[in-house]
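Residue numbers (full-length UniProt numbering): 1 to 103.
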């Protein structure tokens, strides 16, 4: 069950490498499979998606075409959903991880 929902703000630091600068990653509708995700989604580069029993950081999926750093966005809010145990949840039709409080 959900135990906390939070919001954070990111400001991109364009002088850093793409995967460290804080650009959001845009995953286009249907980029993974038909209807997955069911609409374009934005996600932070370190957030993990769930594939074949494994959590994969989205930065490792960037292909520059259907999954890319969206450099039109330089500042944005993002949200966390924490569950009692680190879990796989669904967002925009994608399997993704819940927030993991690492201190």
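Using N, Cα and C, we set each Cβ at its ideal position, and we do this for glycine too.
Original post:
Skipping 5 residues on each side, what residues in its chain have a beta carbon closer than 6 Å to that of residue 55?
Top reply: If the five residues before and after residue 55 are omitted, its C-beta is found closer than 6 Å to the C-beta atoms of 48 and 97, all from its own chain and listed in chain order.
Original post:
Rounded to whole angstroms, how far is the Cβ of residue 25 from the Cβ of residue 69, which I believe are closer than 8 Å?
Top reply: About 6 Å; that satisfies the 8 Å criterion.
Original post:
Using DSSP with H/G/I as helix, E/B as strand and the rest coil, what is residue 33?
Top reply: Shown here, residue 33 sits in a strand according to DSSP, grouped into three states.
Original post:
Between residue 46 and residue 57, which are expected to be in contact by the criterion C-beta below 8 Å, what is the C-beta distance as a whole number of angstroms?
Top reply: For residue 46 against residue 57, the beta-carbon gap comes to about 6 Å, under 8 Å, which counts as contact.
Original post:
Among the residues of its own chain, which have a CB less than 7 Å from the CB of residue 81, if the five just before and after it don't count?
Top reply: Only residues of its own chain outside the window of five on either side were considered, and among them 2, 5, 89, 98 and 99 have a CB closer than 7 Å to the CB of residue 81, listed in chain order.
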